[in-house]
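Student:
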């Protein structure tokens, strides 16, 4: 795990599935080949006795008896397949040790077992990876300007690192590997330095964790459930967004309503529980006055089209400390001016769409379903946001918010309004047309083969994606939970071109690209071209989700003979996709996109530089 300026670079984290159990298996194997059992003065081969040592015994043998051979000696033995060369004075086998097993039996452990049981840590696996290559590969993945600093500040901890000879051997392996063809032209590093930890290697991590757990900074980066229930404060929203964009989990259903209040701006971060209660009261009162005003001022001819507008809306009595809030929120609710002439179109459309609302897949619409909450939410939004108004599809989105907030109207309304205002282009002809226009350009960048196949079939796949983008994939998954997970990830905007995670990813890719084309400084990359490209084509993450879904329908496109057959095959596979697979692929496509635009920008920079030289 590389760490720079106190920040773990998790994107470069790597691991290897070699640990104590691998050494234990090797000890058991070597004992069966070379060890001798002494029982009552008689010797028998270890293999003939057929003893299966416990993990505790193997651990004890490893700690008490084993050591790691120097690099040169290990290389010589490896050439002889770990058979000692008795004719050589320089490479005599290490001495044997008698290990008492149960008071009645002694295992005579020869030097070859003691010396080479731990070699498995340095042997490369089928992928050519070992502990040493793991460190070098991690350096390659790190930013070019950090590599020298990381190589000179290596900290090795853990019980395995306490085996005699481990650190010396690891250093020798690194020096050897960095000078062979695999790394010599990619890593300009000649020295590695290991730090001595402040405590024993086997408990340094526990000590560090205990110290970190006492720091005040921990409270600003994490929160335990009991602490949140006590004061209701979420320390930093960006950590919440990272949790939301965890493609393998999503938000637990019990926590979704609270998380959405932060995701969609109902609560700002760092509010106490008392402050949250105040906001909740204010917004509930304001929503009640907004609904009341809409019903009172709406012309009778429009009200007649919305019979559910005033159904089951019960007024609650205000406590003495809520009267001031009531006066303030009433003033806010009655400030905007309404234009009922323009509202006629929106009201008629809402009345038409209410009964066409797509209900949750796990819930059947009751015969006497109360459309009151949904009607009030949509009408109130259209009245107070006349520039956006109402568009078909908003009814489906509003129902999702009502469902998540258990039909708490004011919570659903303000979160829904925040989402629509931020994503208003989804519900305008110009906005959705722009996205549809961007889609083939993005497919051409990230998957040229798929783009060529779509063009050759002359498939109107881009308009086929209209519903996906229009409703943010609300009808594309079989389970409502999957639909909500996808909606949360897209709405978090965690991985987009202007996000912190996106900018960091671009920075790392640009540095790697600079190294490959021989530029020694990050500043040599033409950031101006990247900026111009991003201004012309700013792709949101929902487009990458869209392409991921198309990619998973790849077989339908490549097996089809014409446009109709392709579209029919895709239609038959609707609601068969796994949301986690879709989002994981979308993340990969986002990285491919950044790699492609960086490569194009770097090529343009080189051509521009060549022209200036000429």
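Residue numbers (full-length UniProt numbering): 1 to 614. Glycine included, every Cβ here is placed at the ideal spot set by N, Cα and C.
#1: Taking a contact to mean a Cβ-Cβ separation below 9 Å, would you say residue 263 touches residue 415 in this structure?
#2: If you drop the 5 nearest sequence neighbours on each side, which residues of the same chain put their C-beta closer than 6 Å to that of residue 483?
#3: Quick check: residue 23 and residue 120, are their CB atoms within less than 9 Å of each other?
#4: I'd like to know whether the C-beta atoms of residue 418 and residue 266 end up nearer to each other than 9 Å.
#5: Pair every Cβ in the segment 172-181 with every Cβ in the segment 63-80, then say whether three or more of these pairs are closer than 8 Å.
#6: Determine, using beta carbons only, whether residue 137 comes closer than 9 Å to chain C.
#7: In the DSSP assignment, find the unbroken alpha helix (DSSP H) run with residue 56 in it and report its ends.
#8: Compare the Cα-Cα distances from residue 184 to each of 137, 156 and 213 and report the closest residue.
#9: Going by CA-CA distance only, name the one from 111, 455, 332 and 92 that's closest to residue 558.
#10: From residue 1 to residue 9, what does the alpha carbon distance come to, in whole angstroms?
#11: Is the beta carbon of residue 154 less than 9 Å from the beta carbon of residue 135?
#12: Cβ atoms of residue 402 and residue 308: under 9 Å apart, would you say?
#13: Report the option in 40, 7 and 56 whose CA atom is closest to the CA atom of residue 20.
#14: Span of the alpha helix (DSSP H) holding residue 545?
#15: So the alpha helix (DSSP H) residue 286 belongs to, where does it begin and stop?
#16: Check this for me: beta carbons of residue 386 and residue 342, under 9 Å apart or not?
#17: Given this structure, state the Cα-to-Cα distance separating residue 279 from residue 156, to the nearest angstrom.
#18: Check whether the segment 283-294 touches the segment 328-337, counting contact only when three or more Cβ pairs, one atom from each stretch, lie closer than 8 Å.
#19: If I follow the unbroken beta strand (DSSP E) through residue 98, where does it start and stop?
#20: Quick check: what's the CA-CA separation for residue 470 versus residue 507?
#21: Report yes if the C-beta distance between residue 465 and residue 592 is below 9 Å; otherwise report no.
#22: Quick check on DSSP: helix, strand or coil for residue 440?
#23: Excluding the 5 residues preceding and the 5 following residue 358 in the sequence, name in chain order all residues of the same chain whose CB lies nearer than 8 Å to its CB.
#24: Please classify residue 345 as buried or exposed, where buried requires at least 16 neighbouring CB atoms within 10 angstroms.
#25: Round the Cβ separation of residue 36 and residue 43 to the nearest angstrom and send it over; I've been treating them as touching at under 8 Å.
#26: What whole-angstrom Cβ distance do residue 546 and residue 468 have, given they're in contact under 8 Å?
#27: List the residues that DSSP assigns as beta-bridge partners of residue 7.
#28: Would a C-beta distance cut-off of 9 Å place residue 583 and residue 489 closer than the cut-off?
#29: Distance check for residue 543 and residue 435, CA to CA, integer angstroms please.
#30: Kindly indicate the opening and closing residues of the alpha helix (DSSP H) around residue 210.
#31: Assign residue 579 to one of three DSSP states: helix, strand, or coil.
#32: Would you mind stating whether residue 472 and residue 406 have Cβ atoms separated by less than 9 Å?
#33: I'd like the list of long-range same chain contacts for residue 169, defined as Cβ closer than 8 Å, with 5 residues on each side in sequence excluded.
#34: According to DSSP, is residue 388 part of a helix, a strand, or is it coil?
#35: Secondary structure at residue 42, three-state DSSP: helix, strand or coil?
#36: Measure the C-alpha to C-alpha separation of residue 158 and residue 585 and round it to an integer number of angstroms.
Tutor: Looking at the coordinates:
#1: Counting from one through the chain shown, the residue named residue 263 turns up at place 263. Counting from one through the chain shown, the residue named residue 415 turns up at place 415. Contact: yes.
#2: Mapped onto the chain shown, residue 483 falls at position 483. Once the five neighbours on either side are set aside, the close Cβ partners of residue 483 are 474 and 477.
#3: The residue given as residue 23 occupies position 23 in the chain shown. The residue given as residue 120 occupies position 120 in the chain shown. Cβ distance < 9 Å, so residue 23 and residue 120 count as in contact.
#4: Residue mapping note: residue 418 aligns to position 418 of the chain shown, counting from 1. Residue mapping note: residue 266 aligns to position 266 of the chain shown, counting from 1. Result yes, Cβ atoms of residue 418 and residue 266 sit closer than 9 Å.
#5: yes
#6: Looking at the structure shown, chain C is missing, and only one protein chain is on hand.
#7: Here the question's residue 56 lines up with position 56 in the chain shown. Note, residue 56: alpha helix (DSSP H), 55-65.
#8: The residue labelled residue 184 in the question sits at position 184 within the chain shown. The candidate whose alpha carbon is nearest that of residue 184 is 137.
#9: As a working note, residue 558 is residue 558 in the chain shown. Taking only the C-alpha atoms, the option nearest residue 558 is 455.
#10: Position 1 of the chain shown holds residue 1. Position 9 of the chain shown holds residue 9. Straight-line Cα distance between these residues: approximately 7 Å.
#11: On the chain shown, residue 154 is found 154 positions in, with the first residue counted as 1. On the chain shown, residue 135 is found 135 positions in, with the first residue counted as 1. Cβ atoms of residue 154 and residue 135: closer than 9 Å.
#12: Residue numbering aside, residue 308 sits at position 308 when the chain shown is read from its first letter. Residue numbering aside, residue 402 sits at position 402 when the chain shown is read from its first letter. Contact flag unset, no.
#13: Here residue 20 refers to the residue found at position 20 when the chain shown is read from its first residue. The shortest C-alpha separation from residue 20 is found at 56.
#14: In the chain shown, the residue the question calls residue 545 occupies position 545. Looking at the DSSP string, the run of the alpha helix (DSSP H) that includes residue 545 is 541-552.
#15: Residue mapping note: residue 286 aligns to position 286 of the chain shown, counting from 1. Start and end: 273-297.
#16: Residue numbering aside, residue 386 sits at position 386 when the chain shown is read from its first letter. Residue numbering aside, residue 342 sits at position 342 when the chain shown is read from its first letter. The answer is yes: Cβ separation under 9 Å.
#17: As a working note, residue 279 is residue 279 in the chain shown. As a working note, residue 156 is residue 156 in the chain shown. So the two alpha carbons sit approximately 50 Å from each other.
#18: yes
#19: As a first step, residue 98 must be located in the chain shown, where it is residue number 98. Start and end: 97-100.
#20: Position 470 of the chain shown holds residue 470. Position 507 of the chain shown holds residue 507. Their Cα atoms are separated by approximately 32 Å.
#21: The sequence position of residue 465 within the chain shown is 465, counting from 1. The sequence position of residue 592 within the chain shown is 592, counting from 1. No, the Cβ-Cβ distance between residue 465 and residue 592 is not below 9 Å.
#22: For the purposes of this step, residue 440 is taken as the residue at position 440 of the chain shown. In this structure, residue 440 counts as helix in the three-state DSSP scheme.
#23: The count along the chain shown starts at 1 and reaches residue 358 at position 358. 396, 399, 474 and 475.
#24: Here the question's residue 345 lines up with position 345 in the chain shown. With fewer than 16 Cβ atoms within 10 Å of its Cβ, residue 345 is classed as exposed.
#25: Counting from 1 along the chain shown, the entry for residue 36 is found at position 36. Counting from 1 along the chain shown, the entry for residue 43 is found at position 43. Between residue 43 and residue 36 the Cβ distance is about 5 Å, and since that is below 8 Å, they are a contact.
#26: Counting from one through the chain shown, the residue named residue 546 turns up at place 546. Counting from one through the chain shown, the residue named residue 468 turns up at place 468. So it is a contact: roughly 5 Å between Cβ atoms.
#27: Position 7 of the chain shown, counting from 1, holds the residue named residue 7. Looking at the DSSP assignment, residue 7 forms a beta bridge with 4.
#28: Taking the first residue of the chain shown as 1, we reach residue 583 at position 583. Taking the first residue of the chain shown as 1, we reach residue 489 at position 489. Yes. Within cutoff.
#29: Position 435 of the chain shown holds residue 435. Position 543 of the chain shown holds residue 543. Each residue's alpha carbon lies about 8 Å from the other.
#30: Here residue 210 is taken as the residue at index 210 of the chain shown, counted from 1. Its alpha helix (DSSP H) spans residues 204-213.
#31: Numbered from 1 along the chain shown, position 579 holds the residue referred to as residue 579. Correct three-state label for residue 579: helix.
#32: Your numbering for residue 472 matches position 472 in the chain shown. Your numbering for residue 406 matches position 406 in the chain shown. Contact: no.
#33: Taking the chain shown and counting its residues from 1, the one referred to as residue 169 is at position 169. The residues are 68, 69, 70, 71, 74 and 122.
#34: Within the chain shown, residue 388 is the residue found at index 388, counting from 1. Correct three-state label for residue 388: coil.
#35: On the chain shown, residue 42 is found 42 positions in, with the first residue counted as 1. Three-state result, residue 42: strand.
#36: If you number the chain shown from 1, residue 158 lands on position 158. If you number the chain shown from 1, residue 585 lands on position 585. Roughly 35 Å separates the two Cα atoms.
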